[in-house]
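Trainee:
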Amino acid sequence: MHSPLTRRQFMAGTALASLAVASSLAPRVGGVEPFNRPGKPRLRLGLAAYSFRQYFAGSQDAAQATRKDKKIDLFSFVDYCAEHGCDGAELTSYYFPPNADSDYMLKLKRHAFIRGVSVSGTSVGNTFTHPAGPEREKQLALLNKWIDNAALLGAPHLRIFAGNAQKEGKEKAKQDCLETLKIACENAGKKGVMLGLENHGGIVAEANDLLDLVKAVDNPWLGINLDTGNFRTADPYGDLAKCAPYAVNVQIKTELAARGEKKSEANLERLVKILRDANYQGFVTLEYEAAPDPWDAVPQIIERLRPLLA
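Residue numbers (the working numbering): 1001 to 1310.
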């Protein structure tokens, strides 16, 4: 019969387990560094379909629509981007028809090309904090579907999430996410699609946790999808500056909120300076979430951003 485990033995075992997780998350010496981008910053204006989430057919946000005469789909969204001088259209995965197949993707790709709009990226609503097993495989299958869709669309970037901690706690979730991200990056690299891990709460609510994961994966097909409105930390601007050198896509928002504070208007000039200081080169995509209706607000914000990004 085994003798009962003492508290000291339990605590020692727990400490070793935590150390193992921390060691696996620590980047190896000489590991991933910020992206090497010679030359000057290049900030390209884009618009995310999510900005018009209330107006897509079947959207779970449809009840928030205030203009009952307005509807949009991804083809007309691309037209909107062209008409408002946006270089890129971010085609949020939530607004593709449920039966969208490869033919649909290719027609949408052609439409964007004819309108002179780059498909800057798409997205997937995944959770990567599950342990090995059926749920992880389900999430990887969802990811692979959207890697394939991104490749068909000619989209160089796919925004992904980490997820919330499961019942085993945050440190175990970080380890599970690390394992899953490594598999995900191998699949993405084979199709030439860059994965952008978003600062989207959960186990990456803090900048250091997000950076730890990206550095530990140490794969050239992974970077950060930097959402300027998502750090609810003591110093959101400082945390954005930490992460900007690792950004492969930027979603710029008109509001942010420090920890314990209400949302307030973002300083767009300061956000753009952070990107320039990091020598960012890529899309700066407006993802509009504020209360005023997007049909009224988005054109005004685009015109505010245009000279800042020029």
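For each residue, glycine too, the CB sits at the ideal point set by N, CA and C. Since this is a predicted model, take the numbers as computed values, not measurements.
Could you name each continuous beta strand (DSSP E) segment of 3 residues or more that falls completely within the segment 1119-1166, going from the start of the chain to the end?
Mentor: 1157-1160
Trainee: On the criterion of 16 or more Cβ atoms from any shown chain inside 10 Å, does residue 1264 qualify as buried, or is it exposed?
Mentor: exposed
Trainee: For the structure I just gave you, are there three or more beta carbon pairs, one from the segment 1105-1125 and one from the segment 1143-1150, closer than 8 Å?
Mentor: Segments in contact, yes.
Trainee: Heavy atom of the ligand FAD less than 6 Å from the Cβ of residue 1114, yes or no?
Mentor: In terms of ligand content, the structure shown is empty, and the ligand FAD therefore cannot be addressed.
Trainee: How should residue 1298 be labelled, buried or exposed, when 16 other C-beta atoms within 10 angstroms of its C-beta is the threshold for buried?
Mentor: buried
Trainee: Since residue 1254 contacts residue 1290 with CB under 8 Å, what's their CB separation in whole angstroms?
Mentor: 5 Å
Trainee: Could you tell me the distance, in whole angstroms, from the CA atom of residue 1213 to the CA atom of residue 1069?
Mentor: 45 Å
Trainee: Closest to residue 1039 by CA distance: which of 1285, 1304, 1303, 1277 is it?
Mentor: 1277
Trainee: To the nearest angstrom, how far is it from the Cα of residue 1122 to the Cα of residue 1037?
Mentor: 23 Å
Trainee: Just checking, does the segment 1116-1133 make contact with the segment 1154-1167 on the three C-beta pairs under 8 Å criterion?
Mentor: Between the segment 1116-1133 and the segment 1154-1167 there are three or more C-beta pairs closer than 8 Å, enough to call the two in contact.
Trainee: Count the C-beta pairs between the segment 1047-1055 and the segment 1225-1245 that are closer than 8 Å, then say yes if the count reaches three, no if not.
Mentor: no
Trainee: If you check the beta carbons only, do residue 1153 and residue 1119 fall under 7 Å apart?
Mentor: yes
Trainee: Which residue's Cα is closest to the Cα of residue 1282: 1035, 1033, 1043?
Mentor: 1043
Trainee: Using only alpha-carbon positions, find the residue among 1066, 1058, 1045, 1057 that is nearest to residue 1296.
Mentor: 1066
Trainee: Determine the extent of the alpha helix (DSSP H) in which residue 1175 is found, giving its start and end residues.
Mentor: Residue range 1170-1191 is occupied by the alpha helix (DSSP H) that includes residue 1175.
Trainee: With residue 1091 and residue 1284 assumed to form a contact (beta carbons below 8 Å), what rounded beta-carbon distance in angstroms separates them?
Mentor: Rounded, the Cβ-Cβ distance is 17 Å, inconsistent with contact.
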